[in-house]
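*Asks:* In the UniProt record's numbering, the protein residues as written are 2 to 334.
For glycine and all other residues, C-beta sits at the position ideal for the given N, C-alpha and C.
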Ligand code: ADP
């Protein structure tokens with residue numbers, strides 16, 4: 002969909018690639034993280050060593066892959082890209098690790114989805130730049146130690162809570178990426194419009210920014226939908242075009258999309274406002290638990306519409322007000 006936080010097609014990936022900032026200076030927002038990374042990279046360069054391992058945590062589309070590329074770019078090191086789902090066995094990881102060149106940056110996206118056996122291999126690799134490779138089976142099995150070239154691991158995760166502590170502890174630095182403010186997304190959009198040579202009026206950019214779920218990827222994508230709308234209707238990409246285009250793609254004034262609203266409605270209408278557990282909620286809207294937990298929930302929490310309690314997710318009074326509904330009275334039939 003127009004607001005799907007994960008890229009869907011080759012065209013989409015190419016589009017994202019073209020808009021990716023290449024330096025920390027061009028990276029909009031996340032000021033704290035940017036300064037912290039700058040110091041980390043500078044110190045490593047001064048001592049001529051590989052930078053510490055870096056964990057990037059946060060919802061999809063906030064710039065984790067972009068930052069990994071910037072780390073490689075700014076430190077002048079080659080980048081190897083892999084992902085958790087591609088590492089099904091310890092052997093898959095051994096193959097990647099043993100082929101790294103000295104000082105290489107290894108990016109593992111969705112690192113929480115890596116196989117357990119690989120996680121354990123990664124602990125040793127991160128700490129001592131060494132792995133043990135098991136050869137043979139049963140009584141004759143032996144482990145052969147293998148020295149690795151020093152490398153920097155950049156891990157990205159949308160669910161840092163799912164990472165085992167020993168893995169989390171081995172990162173020298175963790176950056177928790179936050180949703181972007183509207184004026185930051187405006188800057189992202191201005192940059193994209195300029196790069197793409199689009200004539201979009203400032204009030205229109207602001208309107209797109211405020212409806213982008215705090216997410217640069219969604220902002221860039223909505224910009225294209227508005228551009229298309231203006232093209233087809235032979236008009237300018239102005240404020241009215243934004244409103245018409247976003248209505249067409251079912252994005253509401255605060256940027257909630259269809260799934261966000263489905264989850265909110267389910268909590269209020271089917272579970273009396275909660276608390277409701279993640280798996281029950283996911284089943285009731287027909288979505289993956291992971292999508293609800295990593296994409297929908299963080300934004301609804303950030304908007305103050307849902308709160309998390311030990312017993313489950315609860316609709317806040319703001320959510321009831323927004324829906325123009327009354328919460329059930331405790332004790333009523
Ligand atoms: P993630 O890896 O967290 O899912 P990406 O790094 O792939 O997100 O970013 C998605 C898109 O959003 C990229 O095309 C990038 O151009 C844009 N983007 C993300 N963060 C920023 C930022 N801080 N400034 C400018 N553009 C950004």
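1) Just to confirm the assignment: which complete beta strand (DSSP E) runs, minimum length 3, are found wholly within the segment 179-223?
2) Within this structure, are the beta carbons of residue 98 and residue 126 separated by less than 9 Å?
3) In the DSSP assignment, find the unbroken beta strand (DSSP E) run with residue 144 in it and report its ends.
4) Any chance you could list the alpha helix (DSSP H) runs of at least 4 consecutive residues sitting entirely within the segment 242-282, in chain order?
5) Please work out which residues of its chain come closer than 6 Å, Cβ to Cβ, to residue 274, disregarding the five sequence neighbours upstream and downstream, and give them in chain order.
6) Please state the DSSP three-state secondary structure of residue 315.
7) Report the option in 67, 52, 51 whose CA atom is closest to the CA atom of residue 58.
8) When the Cβ atoms of the segment 211-223 are set against those of the segment 181-191, are three or more pairs found closer than 8 Å?
9) In whole angstroms, what separates the C-alpha of residue 104 from that of residue 55?
10) State the DSSP-derived secondary structure class of residue 94, mapped to helix, strand or coil.
11) Looking at residue 306: is its Cβ nearer than 9 Å to the Cβ of residue 288?
12) If I follow the unbroken alpha helix (DSSP H) through residue 166, where does it start and stop?
13) So residue 153 and residue 52 are supposed to be a Cβ contact under 8 Å. How far apart are they, rounded?
14) Is residue 172 near ligand 1, with its Cβ less than 8 Å from a heavy atom?
15) What does residue 82 pair with, by DSSP beta-bridge criteria?
16) Could you tell me the alpha carbon to alpha carbon distance between residue 71 and residue 83, rounded to whole angstroms?
17) What are the boundary residues of the alpha helix (DSSP H) that residue 301 is part of?
18) How many angstroms separate the CA atom of residue 325 from the CA atom of residue 262?
19) Can you name the residues that DSSP bridges to residue 155?
20) Indicate, with yes or no, if ligand 1 has a heavy atom lying under 8 Å from the CB of residue 157.
21) What does the alpha-carbon distance come out to for the pair residue 245 and residue 44?
22) I need the boundaries of the beta strand (DSSP E) containing residue 174, first residue and last residue.
23) Suppose the cutoff is 6 Å on Cβ atoms and the five residues either side in sequence are ignored; what does the same chain contact list for residue 69 look like?
24) With a threshold of 9 Å between beta-carbons, can residue 305 be considered close to chain D, or not?
25) When the Cβ atoms of the segment 165-179 are set against those of the segment 32-43, are three or more pairs found closer than 8 Å?
26) Rounding to the nearest angstrom, what Cα-Cα distance links residue 308 and residue 161 in this structure?
27) Taking the alpha-carbon positions, what's the residue 79 to residue 128 distance?
28) Can you check the segment 16-47 for any alpha helix (DSSP H) of at least 4 residues that lies completely inside it and give the ranges in chain order?
29) By DSSP, does residue 238 sit in helix, in strand, or in coil?
30) Would you mind giving the Cβ-Cβ distance between residue 264 and residue 293, rounded to the nearest angstrom? I have them listed as a contact below 8 Å.
31) Does the Cβ of residue 212 lie closer than 8 Å to at least one heavy atom of ligand 1?
32) Which term fits residue 49, buried or exposed, when burial requires 16 or more other beta carbons within 10 angstroms of its beta carbon?
33) Who are residue 307's beta bridge partners in DSSP?
*Replies:* In short, the structure shows the following:
1) none
2) yes
3) It spans 143-148 - the beta strand (DSSP E) in which residue 144 sits, taken as one unbroken run.
4) As far as the segment 242-282 is concerned, its whole alpha helix (DSSP H) runs of at least 4 residues are 259-266.
5) 316, 328
6) strand
7) 67
8) Yes: at least three Cβ pairs fall under 8 Å.
9) 14 Å
10) Of the three classes helix, strand and coil, the one that applies to residue 94 here is helix, per DSSP.
11) no
12) 166-170
13) Right, their Cβ atoms sit about 5 Å apart.
14) no
15) 108
16) Each residue's Cα considered, the two are about 16 Å apart.
17) Looking at the DSSP string, the run of the alpha helix (DSSP H) that includes residue 301 is 298-303.
18) 13 Å
19) 55, 108
20) yes
21) 50 Å
22) 174-177
23) When the five nearest sequence neighbours on each side are left out, the beta carbons in the same chain lying within less than 6 Å of the beta carbon of residue 69 are those of 108, 155, in order along the chain.
24) Annotation note: the requested chain D is absent from the structure, which comprises a single protein chain.
25) yes
26) 19 Å
27) 21 Å
28) 32-47
29) strand
30) 7 Å
31) No, the beta carbon of residue 212 sits no closer than 8 Å to any heavy atom of ligand 1.
32) exposed
33) 316
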